[in-house]
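Those letters in the sequence shown? Residues 3 to 1139, by the working numbering.
Heads up, the beta-carbon is just placed ideally off N, CA and C, and yes, glycines get one too.
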Amino acid sequence: MVRKTLSGTRYFLLLTVAAVLASAVIWYSYTFVREHTIQLRDSVISILENQLSRNVSYDSIDPFFINSITIRNVEIKDDSGKVLAKGEKLTIKFNLLNYLLMNENILKGISLENGYINFSQQQDMDFITSLADRMKPDEETLMPRQTKSFYFKGKNLSANFLLDIGAISIDKCSTDILLQGNDVRFSGKMQVSGYDLKNDKMTQFMTSVAFDSNMKKDGSEGLVNLQVDEFTSDFIKTGRQAFLITFDEDSFFICNMEDSTPIDYSLTWSRTGRTLTAQTVFQDFRPAEVITFTGDYTKYNDYAKAKGTGNLQITYTPDQTEKALYFGDVDLSLAGTKIPLEPQCHVSFSGLDRKIEIKSLTLATARGNASYSGNLDTETMSAQGTLLLDNIQADDKMVIDTQYDLVMADSQLSLTSDNLVLNKKELGTSSLKVNLKDKTADLSLLNLSLKARETEDKGYSGLITLTQYPIKELEAVFSEDGKLYTEDYLITADIYCIYDKNDFYITSRNVHIDDVSHPEDSLDFAVTSTLDDIKISEIVLNCRGFSGEGYFDLASMRDEHCEFETFWKVHDTEYEFNGFLNKKQNLFVRGLYGFTLSAFFDENGWPFDLRASEFPIFLMGKKTPADMNISGQMKDGKLSIVTINDMKLSHLSFLKGGSNSISFNGTLAGNTLRLNSWTLNDNYSTVKGTGEASFTDLGNCRGWLRGTGSNLNEEYNAYVMIVDKNISIDASCKNSRVERFTTAKMTGSLDTNAKITGTFDNPDISASVNIQKGTLMKKPFELYTSLQATKKLTNLYTLTGKVGDATITSSSGSVDWNRREYKLRADVTLKNSGNEKRDTIILSASGTMQEDGQWIINPAKTMNKGTFRLNSTQPVLLGYDRWNFDYNNNGKRFYIDGGPFRHCVEGYYYPDGNIDFNLRNPLFVAGKVKGKLIGDNVDATITDLALDMGRVGQLTRFDYFFPLAGLGSGTLRMTGSIKNPDLWGVMKVTDLYFAVLSIPDIIGPADADLQFQGKDINMLPVLISDKKNRTYVKGNFLLESWALDYFKVDVSSFGDTKRGLKISDTFCGIDVDGYVLGDLSISGMSDSITIDGDITVNNCIINLSQNSNYDSFDSNSMTEYIVNMNITTGTGVEFFW
């Protein structure tokens, strides 16, 4: 027992000694370690107080047991005292064993709680860098300089970085960094927010970021997983994104790891091959799946619905080419977006460094396709390629088809096309040149050019030049149905424009519009316009004989009350209007002639009222006073109803019968115009009627007009139909007065029918005109004609009628308006005075009219040439029955040459009325004719006159007195009407022979003087003597309309009482044959002959029996004979019965 006790005691003692020794060791160790820990703390304090005392402050530094030092509430300030960083609790942990053994891995790690960094400028970062350089440990401290294992832990850290363009804030940041040998691992998460400052507007953003990585300490290789949660800003919001980054000594790789995003992208760098490769592949990718626009930008969410598929790749090998090689192929669909036309896009390209080849760039939409191919150099910013536009519908009325050659160099862009096609119409070359450096542009198309440039205040100015620009070309381009409605106009103008942020200004001083179809028509004006005012001044309009001038001024367009005024002068008539349009859309216009127009807007539209008294309007180029009282209503820009309460037109120019007027009233409701009544009044009758027209579409209508006159059976009818600009008009009148439509001295009853088809631009007219029981120039007159006319050709099929004794038995003609050629033929039968024989003249003519379309019957104005023929069967004209003329009018003078033979009649007629003609043989009359012929009034002188009196007698063949031979010469003056002139002067006749009624012997030769005094021709007494007889002859003749209207010849015979003057004739059935002495006078005209005389009859046989000659003469002759004779019988007189 004792042994056991001793043994237990020994064990107890041993344990006690061991405990004491252990406690001593532990105490010694604690004292030793704490001493060295305090020594480390003192080393840190030395650094903070000696080297960083100016910039670092703290509340306390406490060692914790044996392996850590805790610094509380530490702050880092710059030299000015600004706090750059602070931490609530900074703990530094050491590996004490390594420290005691003097190993390298002494610093175990650092942890920071509730830390904060605030950098507002770059110099703050520079200051922290310089502060770190000053943190060097004392030589006496035991702080090791290297470590192989280290960690950093951060909890609830935050930072704020204020930069020039904005700020970034980091909150709730937790991070772990572990350095273990050559391996480094770091992970963490944080919230990032901030804002940027652009254009004085702050844009905020916020996101969460998480990361986890493993890499080598020397950076030779590694792997990083980066995750960005929802990104939110003032205008955009994105979903979760994940990235994988790997690298090693040979390569670098980054790619997308988010499965929910249908887009793959990667970036690979190979150090060995010195090659950088970037590639993006996406399939049915919609940005809307990743991006959502917010705030003021929600409208772009529809645009983000675009869907695309593509492959983009870039390869860069600096050691080989030092240039990047890249290519791409992308399809993009914008269907479902609000992008106009929702196009389908495709692009295929490749490139080397800064030179890109665009193999194909296409844009397909519902309104056409566009494609481009070519080369692009981004270094020189130059390009060259081809732009193709295929059926591009620029708007509802313009479709473009063309190919452009695109060239860009030296900051200049040029687009040229050999043939611009708009609406399937080829317009020819066009070009657009843009100088990106000078910010100017030049456009050229047809005869239009546009020069534009950017102004200093970021606006634009331009000059549009139009040179004889064909407006019809634009109408052909923009016409919906391919049909043209405007005339062929050409516009010339220089238009200067300025546009800036606040206003638009346009001015032109020389706008000129020509009408090609009517050269005499034109429009000139000047225009000045801003957003506030429009002024159109210096307007000069000439159109179809209508001419006017004026101006238009519209002011205060931006105000609630807009005023305007305009002035026009048409011919000698002045128009002046002014008025206003206010915000409530109330309109009021007032002017001369009691003109008022008022319209006041209400919920049903615009009711309006129009009134005027003797307001001058122009119909057919003539001023016509109009009284108007019209009311109605407009709705949706259209007339819904119009009531013509009363309208009266006076002094209508197309009605020639003195004073006249037409008045009517009716309504226009919807598409129907009804004339309840219309009344035409003139000096001949009163016509009353009704009418109606229905408009089925713009320009399409059907209608009728009927009327009856106060004259017996006087009727008027018209039926009109217009469909797609094709017209059908049937018009007729019956028993109308022809005086109503002409100022000629014509009367008669008029029946006419007309049919008009085709279009207004190209009508086809068939018409017949019949005038009966009329007079023309107080002569009986009848006429019937039928014709067919188009824009190209007019055919006169039939023209018959009577004018006095002339009958037009047949005639025909035509006019080719394209060639300006005409042909005319007419057969005219004339009744000869004094008998029943009728003479026929065949008239034919052809020629070419001048371009202005003046009628061929106006030689003073017509530029034409052709031939003119007269074929006469009876009587012959001046001795010849066939006359041919060539004529030519050059607009300055009318030249004619011809006659029965060439050059018989040759001369000129001038527009001022001067005439200069030569008459030559073989005509029986020759001479020179000079003077004036204006209308049918003549004042001319005939010089070098040579008149063959024998030919005169043959032509006139007046049975009671006519010359047989002789030559007349002298000078005569002709005045008055060319149809019935007065002749003045003296003509001497030599070797005159003539015959007289009842005297069978020829009287002559003799020299005679003919005195012309107006229409009287006096032959002075002529003595004709032989061995046995002396005979005196004198005469008086009256000319009317170039025909002998009256004559008187006195013959006195003296001589041998057994003979005297031979006489032989039958007087009232008594034959007388013998010689007479005494005075004999014969006078009268073909319808009445008077024979007076006091004669002595010698050697005469008188037969008193009735003979056949007397019976025949008496029963058929139209001539009345009046014989007053005192007869004395002489020797040798015998009677038979």
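- L492 counts as buried, since no fewer than 16 other beta carbons sit within 10 angstroms of its beta carbon.
- In this structure, DSSP gives N116 an extended state, which the three-state scheme calls strand.
- In this structure, DSSP gives V1099 an extended state, which the three-state scheme calls strand.
- In the assembly as shown, L621 is an exposed residue. Its beta-carbon has fewer than 16 other beta-carbons within 10 Å.
- The C-beta distance from T759 to G776 rounds to 30 Å, too long to fall under 8 Å, and the pair is not in contact.
- Here R369 has L343 and Q395 as same chain residues with Cβ atoms under 6 Å from its own Cβ, once five neighbours each way along the sequence are excluded.
- Counting along the chain, no beta strand (DSSP E) covers T263, and no H or E run does either.
- From the listed residues D1009, D984, I1103 and L424, the smallest Cα separation to S1043 is found for D984.
- Between I643 and I632, the C-beta spacing is not below 8 Å.
- Between Y718 and G709, the C-beta gap is smaller than 8 Å, which places the two residues in contact.
- Taking C-alpha positions only, M779 is separated from N755 by approximately 25 Å.
- Residue pairing of P782 in beta bridges, as defined by DSSP: T777.
- Assignment of beta-bridge partners to Q956 by DSSP yields no partner.
- Contact between the segment 356-375 and the segment 302-321 is absent: fewer than 3 CB-CB pairs across the two stretches fall below 8 Å.
- Collapsing the DSSP output to three states places M951 in a helix.
- Taking L417 as the centre and dropping the five residues before and after it, the same chain places the C-beta of Y406, L408 and L434 closer than 6 Å to its C-beta, in chain order.
- V230 and F207 have their C-alpha atoms some 13 Å from each other.
- DSSP places K625 inside the beta strand (DSSP E), whose first and last residues are K624 to K637.
- Burial is judged here by how many other beta carbons sit within 10 angstroms of a residue's own beta carbon; L438 has fewer than 16 and is exposed.
- Distance from the CA atom of T248 to the CA atom of L228, rounded to whole angstroms, is 11 Å.
- Straight-line spacing of the CA atoms in K690 and I980 works out to 45 Å.
- For T811 and D950, the gap between their C-alpha atoms comes out near 35 Å.
- Considering only V513, R975 and G1080, the residue with the shortest C-alpha distance to G1062 is G1080.
- The residue among D1067, D604 and F554 with its C-alpha nearest the C-alpha of G581 is F554.
- Listed as beta-bridge partners of M208 by DSSP are S195 and T234.
- Assigned with DSSP and collapsed to three states, G224 falls in strand.
- Excluding sequence positions up to five before and after R455, its CB lies within less than 8 Å of the CB of D440, K441, T442, A443, Y462, S463 and G464, all in the same chain and listed in chain order.
- The DSSP-derived three-state label of P521 is coil.
- The bridge partners DSSP lists for W608 are M636.
- In the DSSP assignment, S1027 falls within the unbroken beta strand (DSSP E) covering D1018 to S1027.
- Minimum Cα-Cα distance from S665 among the listed residues S751, T692 and R1032 corresponds to T692.
- Taking C-beta separations shorter than 6 Å and ignoring five residues to either side along the sequence, the partners of T568 in its chain run F554 and F579, following chain order.
- Taking all protein chains shown into account, A614 has 16 or more neighbouring C-beta atoms within 10 Å of its C-beta and is therefore buried.
- By the neighbour-count definition (other C-beta atoms within 10 Å, threshold 16), L424 is a buried residue.
- Nearest to T380 by alpha-carbon distance, out of N371, D403, D392 and G353, is G353.
- Straight-line spacing of the CA atoms in G593 and I767 works out to 41 Å.
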